[in-house]
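Student: First, the structure itself, so that you have it in front of you.
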Amino acid sequence: MRYLPLTPDDRAQMLGVIGAASIDDLFADVPAAARKSEPFDLPHHAGELEVERELSALAGLNRAAGAGPFFCGAGAYRHHVPATVDHIIQRSEFLTSYTPYQPEIAQGTLQVLFEFQTQVAALTGLDVANASMYDGSTACAEAVMMARRVTRRKRAVLSGGLHPHYAATTQTIAHAEGMDIVRQTVAIDAEAAVIEAIDSETACVVVQTPNVFGVATDVTKIAEAAHAAGALLIVVTTEAISYGLLKSPGEMGADIAVAEGQSIGNALNFGGPYIGLFTCKEKLVRQMPGRLCGETVDADGRRGFVLTLSTREQHIRRDKATSNICTNSGLCALAFTVHLSLLGETGLRQLAAINHAKARRLAAALGAIPGVEVLTKRYFNEIAIRLPGNATQMVEALLEDGIVAGVPFSRLDPAAGLDDVLLCAATETTLDEDIDAFAQALSRRIG
Amino acid sequence: MTMQTVGRPTRPEDVQPLDTGFASLTGGRGLLQDEALIFERDGWGKTGVDLPAADATADDLGDLVRKSPIGLPGLSEPEAMRHYVRLSQKNHAIDLALYPLGSCTMKHNPRLNEKMARLAGFADLHPMAPLPTIQGALTLMDRLSHWLKTLTGMPAVALSPKAGAHGELCGLLAIRAAHEAKGDPRRRVLVPTSAHGTNPATAAFVGYSVTEIAQTDDGRVDLADLEAKLGPDVAAIMVTNPNTCGLFERDIIEIARLTHAAGAYFYCDGANFNAIVGRVRPGDLGVDAMHINLHKTFSTPHGGGGPGAGPVVLSEALAPFAPAPWVVHGHEGLTLVEETVEEAAQAFGRMSAFHGQMGMFVRAYAYMRSHGADGLRQVAEDAVLNANYIKARLSGVMTPAFPEGPCMHEALFDDSWLEGTGVTTLDFAKAMIDEGFHPMTMYFPLVVHGAMLIEPTETESKQELDRFCEALIALAQAAKAGDVDRFKGAPYLAPMRRLDETLAARKPRLIWKPEAGVAPAPLAAE
């Protein structure tokens, strides 16, 4: 077996040093009834060629997003990632290291995390960022529980514009902790109804912008209302490229901002691994979940970086920890930071402008089709459209035309009664010809 | 015992003086250059990507448009490459040497798995793409599930948890849902004192109070204490097996029996599954739920702290409460149950936005297929053999915490052998860095004083194990011989000397600011 270096001779010698007669002696503590003497009913080992053949065949059964016109978004976005990014994250020293518990031999990872935290804080317009969460949805759930610790209140209001899977994740986790989660009615302009739901028991309001229908909102007034009631405003973003064009959550008064960072540096990966961004105001830092990297000095007075404020964390505080999170998304954070370093402010703004322009073109093309209504008026790179019939059936029909038209809203939330709504995203990877082909095919199918 | 001695001083008397008094003229350090932060390089306005001009303005967005600068520097491609490659050289990695972090299972990461995860059909696949376009992905998830269920002897698996602690959360949420379905919500979870911190943290996260179970002198769960603490308000026990002392819980079947008799469920922390994979099925031990860290046992790369993956296998009793989504066989191929309606009426909810760590599923499945049933069994055997070999070789100079009987995949030592030397576990660990090794897990588990937990994994050769043991023996002898400075000042040869963690916590500087710099880099200070 190519990954196992010990030879039969090695094993015999080693057993001699240990003073064991056989390998079975080393498993003597396992109850006899539970010892399996034969290999399990699974295939035996296989060479690289065989494994590659099987997996390539499986990959071939999928249609990659890049295979043709493609308009899916809804929390995961197809962007171009420079080749440099993948090269860097495959460096042995980054790929095959672990959480930097020994900072003297992990400065590579730690300095990257410090750069990552600084970039994320800048993007969101907030003071401090942690070293990443699993993804945007779990970051959202953690933010709600953090708001409970900060305010000592149990009620959380989730806007009806929040991604239904984010709402479900938050409900699942925060409910278990005893929180009272109020999920507002799903609606395209749901943000308008948020303010009236805030009361003196409210720990936080959670508002997504751009929301799941693509609607970009100025949440400044919601922030004011929340603060007046002693509640926190949590702003969620699922498309991180939008930070390059839109006002940041911090500028609009957010106390905590969380986001899905996949768009920067990370592939679609069928939903994971992704990277949760988590930032907040400085005064809240001691209630933050997750790893934090901080600056310090070494014994010679040279600047270096360490994991810090770990008295918040599970390995120190155990059942009093701010979260149970341990392993996060380190390598995805590296990819994010390398990609964003390559973009810089100039590149990110340009990329965001291109995305928005593509979406405008898409909205114009689809909106011109009789029977199609573009529901999203102010958007970044994603729009919701209303079709004259069932959106899932239309997506299936358009697949026959070679077009992946988007995500039917009913797939995210079957109970919302929006079976005719389709979410369509465009990015810099979308060709104008793709948009034209989509519009023509849709027009034909409707007509 | 012979060992490789070419090109490296291996005995204390061969070691050159540490301070040669030499200093470079510019503060340079050979291959290990100090590397400024990207924010300190004057890259404002620079970009390393070439993008076409956008053909529209954002005039429709009005006051939603960002007016103020973001504050992001940029790098050209060669600068970015050099910056991050230089930083990479300051990291220890499995690909460089033994990385014996106990309970972390730092084993070789096959590059075939990286290649497979990057196939466009997996990497460039959208989670909400139409079902007919994702049949290969669902098939892979289905096959991975089959392997995980077969290897654990459990009837169901939830793939979506994103790491070990997330898997614990999934398991406890299923347990909570099962109790609630019976109209018997319970409030307490029992956790041994040796448990990893995520266990009590997770239990608290799910709203349970935590009661600790005592440990016996031979490092196992104290059955009498367990029996005394089990009661009608106990929802579950969380036991790691093999446990964090590196020992198999001999009474595991009795632990399960007592737990079930009290109406509670048995959550097993599967962090140490590598020790028994292919030889023991947790399902045969009475386990109700167990997470499997794919980044440990099935070798998906640790990536400097993730991403991991933590699928949870479930017993018949808990399976109906598994979270959405999951894969089912339908009339027109595989499909996903994504919502908690009808088919999923009892599902406790959703762990995250999509279907879990697909990138890790591909790598783990490639790893399983490469090893096969026979190879995986060998994995456990070699992992346990390597740990016992280290324990045997080091027992002459260090003190094993549990000298009697074999250990499993990791060897645990306490610090009683350092008594009177003035050297602590931390000092000893830092001195290992100078010898070219990553330290073992320190001060964990908490039940052993000054704990040193060494997990070599099966992917270390005997030669590397010998090199490691020789280094630790030499260090142990130096500590006992009074060579205290070697330890107190360590590390001397790492990219950085010992870092001041207290200062970092007292005055947190978590992001770069223009005026930042507790102490500027040496070059700037001159």
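Chains as they are written, first to last, in this note's numbering: chain E, 118 to 564; chain G, 814 to 1339.
Using N, Cα and C, we set each Cβ at its ideal position, and we do this for glycine too.
Everything numeric in this text was worked out from a predicted model, so none of it was measured.
Please check the pair Leu874 of chain G and His1251 of chain G, which I expect to be a contact at CB under 8 Å, by giving their CB distance rounded to whole angstroms.
Tutor: That pair is no contact at about 50 Å.
Student: Can you give me the start and stop residues for the alpha helix (DSSP H) that Pro891 of chain G sits inside?
Tutor: Start and end: 890-901.
Student: My guess is that Ala1077 of chain G and Val1047 of chain G are in contact by the Cβ rule of under 8 Å, so how many angstroms apart are they, rounded?
Tutor: That belief holds up - the Cβ atoms of Ala1077 of chain G and Val1047 of chain G are roughly 5 Å apart, short of 8 Å.
Student: Would you say Cys917 of chain G reaches chain E, if we count a Cβ-Cβ gap shorter than 8 Å as a contact?
Tutor: By this cut-off, Cys917 of chain G is an interface position.
Student: Just to confirm, does Ala314 of chain E get its C-beta within under 7 Å of one of the non-hydrogen atoms of the ligand COA?
Tutor: Of the ligands one can find in the structure shown there are none, so the ligand COA has no counterpart to examine.
Student: Could you tell me the distance, in whole angstroms, from the CA atom of Asp377 of chain E to the CA atom of Ala469 of chain E?
Tutor: A small correction: the amino acid at residue 377 of chain E is Glu; Asp does not occupy that position in the sequence shown. One C-alpha to the other measures close to 16 Å.
Student: What's the gap between the Cα of Tyr1021 of chain G and the Cα of Val1002 of chain G?
Tutor: One C-alpha to the other measures close to 6 Å.
Student: So, is the C-beta of Met511 of chain E closer than 8 Å to a C-beta in chain G?
Tutor: No - not a single Cβ of chain G is within 8 Å of the one on Met511 of chain E.
Student: Given a threshold of 16 other Cβ atoms within 10 Å of its Cβ, counted over all protein chains shown, does Glu577 of chain E qualify as buried or as exposed?
Tutor: The requested residue 577 of chain E is not part of the displayed model; chain E covers only 118 to 564.
Student: Considering only the beta carbon of each residue, do Ile520 of chain E and Ala554 of chain E sit closer than 8 Å?
Tutor: Result yes, Cβ atoms of Ile520 of chain E and Ala554 of chain E sit closer than 8 Å.
Student: Which one or two residues does DSSP pair with Ile205 of chain E in a beta bridge?
Tutor: None, per the DSSP bridge assignment.
Student: Taking beta-carbon pairs under 8 Å, can you tell me which members of the region 971-984 of chain G lie near chain E?
Tutor: The region 971-984 of chain G vs chain E, Cβ under 8 Å: Lys975, Ala976, Gly977, Ala978, His979, Glu981, Leu982.
Student: How is the alpha helix (DSSP H) around Gly331 of chain E delimited, first residue to last?
Tutor: Element bounds for Gly331 of chain E: n/a, residue is neither H nor E.
Student: Beta-carbon separation of Pro1005 of chain G and Ile988 of chain G under 8 Å?
Tutor: Cβ atoms of Pro1005 of chain G and Ile988 of chain G: not closer than 8 Å.
Student: Return the CA-CA distance between Ala1244 of chain G and Pro923 of chain G, expressed in angstroms with no decimal places.
Tutor: Their backbone Cα atoms lie some 30 Å apart in a straight line.
Student: Just the Cα atoms here: how many angstroms apart are Pro1258 of chain G and Ala1303 of chain G?
Tutor: Cα-Cα distance, rounded: 24 Å.
Student: Quick one: what's got a C-beta closer than 7 Å to Val1236 of chain G's C-beta in the same chain, skipping five residues either side?
Tutor: The answer, listed in chain order, is Ala1292, Val1297, Phe1300.
Student: Should Arg269 of chain E go down as buried or exposed, given a rule of 16 or more other Cβ atoms within 10 Å for buried?
Tutor: That one is exposed.
Student: For Ala906 of chain G, which of helix, strand or coil comes out of DSSP?
Tutor: Three-state result, Ala906 of chain G: coil.
Student: Candidates G:Ala871, G:Pro968, G:Asn1106, G:Met1171: which alpha carbon is nearest Glu981 of chain G's?
Tutor: It is G:Asn1106 whose Cα lies nearest to the Cα of Glu981 of chain G.
Student: With a cut-off of 8 Å, does the C-beta of Cys443 of chain E fall near any C-beta of chain G?
Tutor: So, interface residue.
Student: Is it buried or exposed for Glu318 of chain E, if we count other Cβ within 10 angstroms and need 16 for buried?
Tutor: Exposed, by the Cβ-count rule.
Student: In this structure, does DSSP put His1168 of chain G in helix, strand or coil?
Tutor: Reduced to three states, the DSSP call for His1168 of chain G is coil.
Student: Is Ser1112 of chain G near Lys920 of chain G, with beta carbons less than 8 Å apart?
Tutor: Cβ atoms of Ser1112 of chain G and Lys920 of chain G: closer than 8 Å.
Student: Could you check the C-alpha separation between Gln236 of chain E and Gly1143 of chain G for me, to the nearest Å?
Tutor: In a straight line, the C-alpha of Gln236 of chain E is about 45 Å away from that of Gly1143 of chain G.
Student: So is Ser837 of chain G in contact with chain E if we call contact Cβ pairs under 8 Å?
Tutor: It does not: the Cβ of Ser837 of chain G has no partner Cβ on chain E nearer than 8 Å.
Student: Is there a C-beta anywhere in chain G that falls below 8 Å from the one on Asp252 of chain E?
Tutor: True, the Cβ-Cβ gap to chain G drops below 8 Å.
Student: According to DSSP, is Ser440 of chain E helix, strand or coil?
Tutor: Three-state result, Ser440 of chain E: coil.
Student: Which runs of the beta strand (DSSP E) at least 3 residues long sit entirely within the region 1106-1152 of chain G? Give them in chain order.
Tutor: Taking only runs of at least 3 residues, the beta strand (DSSP E) segments lying wholly in the region 1106-1152 of chain G are 1125-1127, 1139-1143, 1146-1150.
Student: Shorter than 8 Å from the beta carbon of Gln948 of chain G to some beta carbon of chain E?
Tutor: Gln948 of chain G counts as touching chain E.
Student: For Gln219 of chain E, does the three-state DSSP call read helix, strand or coil?
Tutor: Three-state result, Gln219 of chain E: coil.
Student: Are the C-beta atoms of His939 of chain G and some chain E residue less than 8 Å apart?
Tutor: Interface residue, yes.
Student: Using a Cβ-Cβ cut-off of less than 7 Å, list which residues of the region 491-518 of chain E approach chain G; keep chain order.
Tutor: Cβ contacts with chain G come from Arg495, Val512, Glu513, Leu516.
Student: Starting from Ile1050 of chain G, find everything on chain E with Cβ-Cβ shorter than 8 Å and list it in chain order.
Tutor: The premise fails here: Ile1050 of chain G is roughly 15 Å from chain E at the closest Cβ pair, so nothing lies under 8 Å.
Student: Is any beta-carbon of chain G found at less than 8 Å from that of Ser380 of chain E?
Tutor: No, Ser380 of chain E lies away from the interface with chain G (no Cβ there is under 8 Å from its Cβ).
Student: Between which two residues does the beta strand (DSSP E) holding Ala1303 of chain G run?
Tutor: Run containing Ala1303 of chain G: none; DSSP gives neither H nor E here.
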